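Shown next, in structure tokens, is the structure this report addresses.
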């Protein structure tokens with residue numbers, strides 16, 4: 065059964081699927097923050113670069129499999145599979161929003 069994602073979250077995962085760092089960056093507020101693998105990326109350009117680098121290191125797919133509200137945030141569980149160590153893995157994508165954009169994204173196991 066498909067899950068219903070907020071528009072900007074759906075756009076984020078669609079852009080990720082197409083390996084489009086520019087489209088991913090546009091999902092975020094100008095001063096947004098992404099935390100992934102112990103690194104913090106602040107601002108739309110840093111986020112674009114983060115995704116551009118990730119798409120050159122690994123080939124992967126992510127499929128959202130669950131969504132739940134949590135303390136004013138939206139948590140999407142995604143099944144990630146690819147050519148990276150530990151594949152496949154289920155990760156939690158913790159989204160916070162501001163004005164229909166992603167203000168913060170933390171990706172954790």
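In my numbering, the protein residues as written are 65 to 173.
Built from N, CA and C at the ideal position, the CB exists for glycine as well.
Source: prediction; values computed, not measured.
DSSP beta-bridge partners of residue i
{"i": "residue 86", "result": "Residue 86 pairs with nothing; no bridge assigned."}
{"i": "residue 169", "result": "98, 159"}
Any non-hydrogen atom of the ligand PLP closer than 7 Å to residue i Cβ
{"i": "residue 165", "result": "The ligand PLP is not part of the structure shown, which contains no ligands of any sort."}
Candidates the options, of which the one nearest residue i by Cα
{"i": "residue 118", "options": "81, 127, 90", "result": "81"}
{"i": "residue 147", "options": "72, 86, 126", "result": "126"}
Checklist line | Every unbroken beta strand (DSSP E) inside the region 91–162 [3 residues or more] | finding: 92–100, 103–106, 124–134, 137–146, 153–162
Notebook entry, point to check: Looking at C-beta atoms only, is the number of pairs between the region 151–169 and the region 85–100 that lie closer than 8 Å three or more?
Noted result: yes
Notebook entry, point to check: So, do the region 130–145 and the region 66–79 have three or more beta carbon pairs nearer to each other than 8 Å?
Noted result: The region 130–145, when compared against the region 66–79, does touch it at the 8 Å Cβ threshold.
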